[in-house]
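Below: the structure, in structure tokens.
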Amino acid sequence: MAGLIVGFFVLVLLSGSAIAYLIGASTVIAFLLTGNGEFLAALPQRVLSQLDVFAFMAMPLFILVGDLMNRGGVATALIDLAMSLMGRLKGGLGHVNILTSMFFAGVSGSATADAAAMSNTLVPAMLKRGYSLEYAAAVTAASSVVGPVIPPSVILIFYGAIMGVSVTALFVAAIVPGVLLGITLLLVNGVIAHKEDHPGGADITLPPLLPSIYRALPAISLPLIILGGVIFGLMTPTESAAVAVFASIGAGFFYGQMSWSVIRGSLERTLKLSGALFLILCAIASLSYLLSIERIPQTLAAFVETSQLSLIGYWLTVNLIFLVAGMVMDIKAAAALLAPVFVPIGLAMGIDPVHLGIVLCFNLALGLLTPPLGIVLVVISAVTRVSYWRLVAAVLPFLVAELFILVLLVLVPDLSLYLPGLLGFLGEP
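Quick look at the structure:
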């Protein structure tokens, strides 16, 4: 029976169908094959009750903010600011690429959005300065992973809403890991730049610093609005996202690239993406209902208890599963599908839910960069027309560094928990 369900899942997967249809169709077939067809009558009520979570309201708003800023000229302003700050260093444009991604992450919260934006702007600039295409694409791919880590992050909202963990605490907890990841990438780029004699130095013409800062202020204000309102308790993440929408429209008018047609285009894209996300959530809620009927989570928990899996064994197992899931699935769908199964086991072993959420979401983000199926690698290879396997070879030093940060986050929980604990956000519902 299980083999038939898995076989159907693989068949639909190979057909290229959307992940929501893949999960939904496999779940309905599984209901029938397991003799639980009568429970399908209660499925709509079950699905809607699981989607009735206030934190989910923030997702469409953050998607809209990111799209408005993408269309509103924010990338150019951030690149000029990063160039003013880092351009004269050895491998300066590599540093600019990473620093811009850190700035951009606080707006878009998406690795693929970051990768697409930077591929069309910074990769050509790096090529003109004498960088190889493979390295320019590799830096862009590696730095784009910062997007789902630094708040606002849609995947953190997914995790928080599904597992009943404070999204505010998750946002605050992600600040240190996100900044640490960015600094590590800057160090790796610096080492490679000196080793391979990348361009950079005093002869580089830079945008003037003060005008660059002034022009970038509207772009920088977005993360400050989102995080500042949340950290100081002035707004919930959903409310801060709503305020950020109006601020992003104002920033677009400031840069002279905002119009009613741009706003309409952003709204249309947000509706499409939000609809796709909620279809995934509906499909996963259906699967979760079936798993609860079949008592799969309880069976897994009992297996862990009887097998006496150690804390290290749990971390190794769950990180491997989530890393592979990040490679082959939409990371939001992977978080919604896997977290309800594996997180309760970790909580029973005494792991803090905020710490566990940061590690798992960071892990899924790394899956985007992990060969052979990392979606960010596929996107950047397609956009820049660089050989996929050459891109993989060039990105490996950055991937190793990012995996080191993952291990550090597992071994040192205070990297995630110190800041939210200091601000009193731990233990919030």
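So the sequence shown is residues 416 to 844, counted in the numbering used here.
We put the beta carbon where it would ideally sit given N, CA and C, even for glycine.
**Asked** So, helix, strand or coil for residue 366, using DSSP?
**Response** No information on residue 366 is available, as it lies outside the stretch 416 to 844 that the chain covers here.
**Prompt:** Mapping DSSP to helix, strand and coil, what is residue 506?
**Reply:** coil
**Residues near residue 554 by beta carbon distance below 7 Å, same chain, minus five either side** = 509, 512, 513 and 604
**Item:** residue 559 - DSSP class collapsed to helix/strand/coil
**Value:** helix
**Prompt:** Over what stretch of residues does the alpha helix (DSSP H) that includes residue 486 continue unbroken?
**Reply:** 473 to 486
**Touch test, the segment 444 to 459 against the segment 630 to 641, Cβ-Cβ under 8 Å, three pairs minimum** = no
**Item:** Helix, strand or coil at residue 663 [DSSP, three-state]
**Value:** helix
**Request:** Go ahead and pull the three-state DSSP assignment for residue 802.
**Result:** coil
**Request:** Indicate whether residue 703 and residue 622 have their beta-carbon atoms separated by less than 7 Å.
**Result:** no
**Request:** Would you please state the rounded distance, in angstroms, between the beta carbons of residue 750 and residue 480? I believe it to be under 8 Å.
**Result:** 20 Å between Cβ atoms; not a contact.
**Item:** Euclidean distance between Cα positions of residue 657 and residue 473
**Value:** 8 Å
**Message:** Just to confirm before moving on: does the CB-CB distance between residue 663 and residue 495 stay below 7 Å?
**Reply:** no
**Request:** Drop a sphere of 10 angstroms on the beta-carbon of residue 763, count the other beta-carbons inside from all chains shown, and report buried for 16 or more, exposed for fewer.
**Result:** exposed
**Asked** Out of 729, 731, 706 and 786, which has the shortest C-alpha to C-alpha gap to residue 741?
**Response** 786
**Prompt:** Helix or strand or just coil, what does DSSP make of residue 636?
**Reply:** helix
**Request:** Rank 769, 601, 625 and 436 by C-alpha distance to the C-alpha of residue 574 and give the top, closest one.
**Result:** 769
**Asked** How about residue 582 and residue 598: do their beta carbons lie closer than 7 Å?
**Response** no
**Prompt:** Should residue 457 be labelled buried (16 or more other beta-carbon atoms within 10 Å of its own) or exposed?
**Reply:** exposed
**Asked** Whose C-beta lies closer than 7 Å to the C-beta of residue 832 among residues of the same chain, with five residues either side of it excluded?
**Response** 588, 767, 769, 770 and 841
**Request:** May I ask which residues mark the beginning and end of the alpha helix (DSSP H) holding residue 837?
**Result:** 829 to 837
**Message:** Out of 539, 696 and 822, which one is the CA nearest neighbour of residue 752?
**Reply:** 696
**Prompt:** What whole-angstrom Cβ distance do residue 538 and residue 799 have, given they're in contact under 8 Å?
**Reply:** 5 Å
**Item:** Top-ranked residue by Cα proximity to residue 776, from 765, 793, 748 and 802
**Value:** 748
**Message:** According to DSSP, simplified to helix, strand and coil, what is residue 566?
**Reply:** coil
**Item:** Sequence-distant residues of its chain with Cβ nearer than 6 Å to residue 688 (five each side left out)
**Value:** 478
**Candidates 497, 815 and 824: closest to residue 625 by CA position** = 497
**Message:** Residues in the same chain with beta-carbon distance under 6 Å from residue 828, minus the five sequence neighbours each way, listed in chain order, please.
**Reply:** 770
**Prompt:** Rounded to whole angstroms, how far is the Cβ of residue 815 from the Cβ of residue 792, which I believe are closer than 8 Å?
**Reply:** Wrong, their Cβ atoms sit about 15 Å apart, outside the cutoff.
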